Amino acid sequence: MKEVSREHAVELLQNEAQRIRRLIANQKNSLCVAHCKAFEEVVDTQMYGLSRQVAYAIQLGILDSTEGQQILSDLEKNLDLLYQEVYKEQHVAEQKDEDITLK
Numbered sequence: 001m002k003e004v005s006r007e008h009a010v011e012l013l014q015n016e017a018q019r020i021r022r023l024i025a026n027q028k029n030s031l032c033v034a035h036c037k038a039f040e041e042v043v044d045t046q047m048y049g050l051s052r053q054v055a056y057a058i059q060l061g062i063l064d065s066t067e068g069q070q071i072l073s074d075l076e077k078n079l080d081l082l083y084q085e086v087y088k089e090q091h092v093a094e095q096k097d098e099d100i101t102l103k
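For the sequence shown, my numbering begins at 1 and goes up steadily by one.
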């Protein structure tokens, strides 16, 4: 069995977090982010999976609890900012549509 270094494990977890960020970013220009329950469930499932991977790495002693929680916290903050940006852009677009309709 191949031994896994701490650095390699952290890199794998960071890559997984980045993959989830890309998943959201790729849908950013789509209404699906704002209106699609299925997409939200996919993101929730991905986040849950990552949280289990982090928990496993902590149990193995590869990560300490603080570092593991930081990976998840950073991703959650990043996703929250992305969602805020999408909703803000959508609100601006709706305002423009409303202004055009009123004219």
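We put the beta carbon where it would ideally sit given N, CA and C, even for glycine.
None of these values were measured; they are calculated from a predicted model.
Asked: Spatial distance of Leu50 from Gln70 (CA atoms); Found: 12 Å
Asked: Buried versus exposed, by CB contacts within 10 Å (16 or more), Ile24; Found: buried
Asked: Boundaries (first-last residue) of the alpha helix (DSSP H) holding Leu63; Found: Counting along the chain, Leu63 falls outside any alpha helix (DSSP H), and DSSP gives it neither H nor E.
Asked: Inter-residue Cα distance where the pair is Val10 and Glu94; Found: 42 Å
Asked: Run of the alpha helix (DSSP H) containing Glu16, from where it starts to where it stops; Found: Arg6 to Gln27
Asked: Buried or exposed by the 16-neighbour rule on C-beta atoms within 10 Å, applied to Ile100; Found: exposed
Asked: Secondary structure of Met47, DSSP reduced to three states; Found: helix
Asked: Residue from Val54, Glu89, Tyr56 and Tyr83 whose Cα sits closest to the Cα of Arg22; Found: Tyr83
Asked: Rounded Cβ spacing between Val54 and Leu72 (contact assumed at less than 8 Å); Found: 6 Å
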